[in-house]
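Have a look at the structure below, then the notes.
Numbering (my numbering), first residue to last: 242 to 533.
Below you can see the structure in the form of structure tokens.
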């Protein structure tokens, strides 16, 4: 069985063909321009692949409510050309197959739960820290949507005393994305994260903000595992710093088996940066099963 997978990002669309077990057979990247230019290219890639379903993990905000009249539409995105555009409808009509949809970060979370390091768990958080910050939540054995979908990158955090001018989010002065995303690091230090590896003060500040956020997620959602992905988290020196700060900030309030094994509790993504595409394969499989 062949399943199509589309990781729809703000700068590129990664299209792939995969199998039920998560094996990726082929993939290409198409630049994200306008819907009028991009969607026909997506259709052109998938239409002769003999896929039985398509799974999409999309940048957002996006309407993931299958009962909504605007299911599959990009909502009030900062990518103005895509605002209120139907991403799913054109693909579904042209391909004539079931289409599953979720946010890109929920898709990555699903990939890890289905094929990766979170397999078998019923409460998991996946956080991507890169150009932006997104949070995917798997809770009680399913992806969390609620009234829309989680926007955990925008939780409010206390500002570090040595960071009076930090915070670049245009919506919130003191949110995680504004403090800790890749562009936030570059705005604060004048260089990209990969150029700042040998500056411990950079990672001290970064780990402070990420650890605060993780403590909030732990206290509210009680995850069995927290997975950190995205370009910023390729700086592996962050992991021991974040783990230590999380324990310090929790201050002994919670004592669980998971917190006693922090190296296996707060972990990097395990699927070689394919967790998003693999999650889309699972979204496609779920849509196919629901259609039967």
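For each residue, glycine too, the CB sits at the ideal point set by N, CA and C.
Spatially closest choice to residue i from the options, by CA coordinates
i: residue 388; options: 429, 294, 308 and 411; result: 308
i: residue 282; options: 332, 242 and 352; result: 332
i: residue 248; options: 418, 341 and 319; result: 341
i: residue 407; options: 284, 397, 428 and 390; result: 428
i: residue 461; options: 361, 252 and 380; result: 380
i: residue 519; options: 304, 305 and 356; result: 356
i: residue 251; options: 301, 262 and 286; result: 301
i: residue 477; options: 515, 517 and 435; result: 435
i: residue 443; options: 526, 464 and 482; result: 482
i: residue 425; options: 391, 504 and 409; result: 409
i: residue 495; options: 515, 526, 516 and 459; result: 459
i: residue 359; options: 323, 487, 394 and 464; result: 464
i: residue 417; options: 447, 441, 378 and 321; result: 447
i: residue 310; options: 330, 346 and 413; result: 330
i: residue 375; options: 504, 507, 317 and 396; result: 396
i: residue 514; options: 368, 398, 487 and 493; result: 368
i: residue 325; options: 508, 276 and 377; result: 276
i: residue 533; options: 288, 334 and 339; result: 339
i: residue 364; options: 402, 384 and 479; result: 384
i: residue 391; options: 415, 361, 350 and 401; result: 350
i: residue 400; options: 414, 394 and 393; result: 414
i: residue 345; options: 321, 335, 386 and 336; result: 386
i: residue 529; options: 512, 353, 479 and 337; result: 337
Bridge partner(s) assigned by DSSP for residue i
i: residue 296; result: 246 and 341
i: residue 253; result: 272
i: residue 369; result: 375 and 470
i: residue 354; result: Answer by DSSP bridge pairing: none, since residue 354 is not bridged.
i: residue 327; result: 314
Contacting residues, own chain, Cβ-Cβ under 8 Å from residue i (five flanking each side not counted)
i: residue 370; result: 421, 422, 423, 451, 469, 470, 471, 472, 473 and 474
i: residue 279; result: 254, 271, 272 and 273
i: residue 261; result: 242, 244, 522 and 526
i: residue 497; result: none
DSSP three-state assignment for residue i, whether helix, strand or coil
i: residue 420; result: helix
i: residue 315; result: strand
i: residue 267; result: strand
i: residue 281; result: helix
i: residue 309; result: coil
i: residue 508; result: strand
i: residue 303; result: strand
i: residue 361; result: coil
i: residue 259; result: strand
i: residue 290; result: coil
i: residue 515; result: coil
i: residue 431; result: coil
i: residue 346; result: helix
i: residue 332; result: helix
i: residue 320; result: coil
i: residue 437; result: coil
Cβ shell of residue i (< 7 Å), same chain only, five flanking positions each side left out
i: residue 327; result: 313 and 314
i: residue 490; result: 452, 453 and 456
i: residue 525; result: 244, 245, 246, 294, 295, 296 and 341
i: residue 521; result: 246, 247, 248, 296, 297, 298 and 348
i: residue 268; result: 255, 256, 257 and 518
Cβ-based neighbour list, residue i, same chain, cut-off 6 Å, excluding 5 preceding and 5 following
i: residue 290; result: 258
Residue i beta carbon near the ligand SAM (any heavy atom closer than 7 Å)
i: residue 392; result: This structure lacks the ligand SAM, and indeed carries no ligand of any kind.
What are the uninterrupted segments assigned as alpha helix (DSSP H) that are 4 or more residues long and contained completely in the region 440-505, given in chain order? For the region 440-505, the continuous alpha helix (DSSP H) assignments of 4+ residues that do not extend past its boundaries occur at 441-462 and 479-491, in sequence order.
Sequence ranges, beta strand (DSSP E) only - wholly within the region 374-418, length at least 3: Within the region 374-418, the complete beta strand (DSSP E) runs of at least 3 residues are 374-380.
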